[in-house]
Each structure stands twice: as structure tokens, then as C-alpha cells.
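Reading through the C-alpha cells given below for one structure.
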Amino acid sequence: MVFNNIVVAYDGSDHAVDAVMKARDFALADPEVRIHVVFVTTHPNAQLPASFNNSSFDPEQYLLSVEDVMDLYNRTIAEESEKVKAGLGVEGVEDQVSIDVIPGYTPADDIIEFAKEIEADLIVMGSRGLGAIRGVIGSVSYAVLRESTIPILVIK
Ligand code: ATP
Ligand code: MG
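Numbering (this note's numbering), first residue to last: 1 to 156.
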């Protein structure tokens, strides 16, 4: 298969479900194909303070302990992951699929960064998502199309 390491950007929308189904076709055609479903979540419990992973983090400033914050974070990511999993149609290729939930507010940048990290050779996404304003293409798809150096398959 020309594309073996495929990222599918998933936001729960019908277009994103169709994107997963198209990636599934690739996976069905070749057992070597890996599908990485990525969802960028804005869930507040998944947003750790910027200082959390470096020495400037001061636990005294927070009402919760570091353990509590990490516990809440891990539970939220797991719950979001379960929600994504429940919406996917990947029958027959489950073993070829992984799900990553990334906390953030810049889905396009986060999708591109993730795709680079795992050395993806294709990004599959919907032309539209959950946004209410109808048009040809959503802002996330538009930004990924503009910025990505990795080929993109946009599902209408
Ligand atoms: P807008 O968000 O600009 O109001 P929209 O919601 O209709 O418009 P987009 O958000 O660009 O359109 O969604 C297009 C595609 O981008 C989706 O089908 C999905 O593949 C991907 N996408 C959008 N948001 C996310 C996200 N948070 N995480 C992962 N993929 C996303
Ligand atoms: Mg959107």
C-alpha cells in the first residue's frame, strides 16, 4: 500500500466518521496499514497548566494536589478516548487502529504535529465538522490543508 501510516482527524462529526470509514478501506486492503485516530479535546480537565511539567510549577497555588490533577487528567483523557472509540466504525480492522486524545485549543497545529511525530504518510479528514456555519470547508481542514507537508485526503 502506498499509504501505511494514516492519521485520521476525528471530531465526532458525520464527516469525520466518513473519514474513518475511508481509512478503514485502506486498512482492509492491507494488514500492514496502521490508522491513528486523533481527537484534539478542549475539555477543561485535560488542560494542564503550562508550568506543570517544569520546575516553575508551584502546587501551593492550586486547590488540588498534583496527584488529584493528574488523576482527573488521566480519567478525562480515558473518558474522551472511550467516547471516540464508541463512535468509530472500524469493524474488522480493530487491531490496526489506535486512538490518541490530545488536549489543546489549536486542533490544526496539533493534528499536524502529531502526524509529523508518528511519521504519517497520509492525513484523512472531513471537509466539515461539528461547526454550525455551512460552507465548503471548515477552519480546521482549511488550516491543515494550508500548513501540512503530508498529503491530505479530504472527505466530503
Ligand atoms: P469550524 O470548526 O471552522 O466552525 P467545521 O466544524 O464545520 O467548521 P472543521 O472543524 O474544519 O469544520 O472540521 C473538519 C474536519 O477537521 C473534521 O471532519 C475532522 O476531520 C477535523 N477536526 C475538526 N476538529 C477536530 C478536532 N478537535 N480534533 C481532531 N480533528 C478535528
Ligand atoms: Mg469544527
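From the three backbone atoms N, C-alpha and C, an ideal C-beta is built for every residue, glycine too.
Residues in its own chain within less than 8 Å of residue i by CB, not counting five upstream and five downstream?
| i | result |
| --- | --- |
| VAL84 | TYR10, GLY12, VAL37, PHE39, ILE99 and VAL101 |
Using the Cβ count rule (16 or more neighbours within 10 Å means buried), how would you classify residue i?
| i | result |
| --- | --- |
| THR149 | exposed |
| VAL93 | buried |
| LEU64 | exposed |
| VAL66 | exposed |
Just to confirm my understanding: we take residue i, look at its own chain, exclude 5 residues before and 5 after, and list those with CB closer than 7 Å. What are they?
| i | result |
| --- | --- |
| HIS15 | GLY126, SER127, ARG128, GLY129 and ILE155 |
| ALA108 | VAL140, ALA143, VAL144 and GLU147 |
| ASP25 | none |
| ASN170 | The requested residue 170 does not occur in the structure, where the chain is confined to residues 1 to 156. |
Give me, in chain order, the residues of the same chain whose beta-carbon lies closer than 6 Å to that of residue i; leave out the 5 immediate sequence neighbours on both sides.
| i | result |
| --- | --- |
| ASN45 | LEU72 and THR76 |
Taking only three categories from DSSP, how would you classify residue i?
| i | result |
| --- | --- |
| LEU145 | helix |
| VAL101 | strand |
| VAL69 | helix |
| LEU160 | Here the chain has residues from 1 to 156 only, and residue 160 is not among them. |
| ILE155 | strand |
| PHE39 | strand |
Give me the pocket residues for the ligand MG, defined as CB within less than 7 Å of any heavy atom, sorted by chain position. ASP11, GLY129, LEU130, GLY131, GLY138, SER139 and VAL140
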